[in-house]
Amino acid sequence: MKLQEWEMKFLSKIHDLRHVEAGWLKKFVYNSAAMSYVLLTASSFISAMAFGACILLKIPLESGKRLAALATFRILQSPIYKLL
3 MKLQEWEMKF LSKIHDLRHV EAGWLKKFVY NSAAMSYVLL TASSFISAMA
53 FGACILLKIP LESGKRLAAL ATFRILQSPI YKLL
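Counting in the numbering used here, the sequence shown runs from 3 upward without gaps.
Now the structure itself:
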């Protein structure tokens with residue numbers, strides 16, 4: 003099948019638009035992956051920072067305080083996971 007001259011120009015424009023669209027899709031996928039990573043690791047990071055601050059401030063961590071803090075962090079995890 004022989005292509006006419008205008009068809010080649012049209013095909014070139016479509017190819018350029020597809021290239022632009024692929025760039026946008028790549029950015030979207032990378033941003034989605036980064037946001038998922040941040041949301042999934044946020045609760046672990048926050049709990050580690052809280053316990054680290056208690057250690058640096060020399061606050062005694064009895065088992066009751068640790069379990070209460072872990073339960074609180076677990077309760078806060080659920081709304082974060084619902085954002086995904």
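Using N, Cα and C, we set each Cβ at its ideal position, and we do this for glycine too.
Have a look at residue i and residue j and give me their C-alpha separation to the nearest angstrom.
i: S80; j: Q6; result: 59 Å
i: A55; j: L27; result: 40 Å
i: A36; j: I61; result: 34 Å
i: L42; j: A50; result: 14 Å
i: A71; j: L59; result: 16 Å
i: F30; j: K11; result: 29 Å
i: R68; j: A52; result: 11 Å
i: L19; j: I82; result: 36 Å
i: Y32; j: E23; result: 14 Å
i: K15; j: H21; result: 10 Å
State the start and end residues of the unbroken alpha helix (DSSP H) segment that holds residue i.
i: P81; result: 65 to 84
Taking Cβ to Cβ, would you say residue i is nearer than 8 Å to residue j?
i: S45; j: L78; result: yes
With distances taken from CA atoms, which of the options is nearest residue i?
i: F75; options: F47, Y39, I57, L63; result: F47
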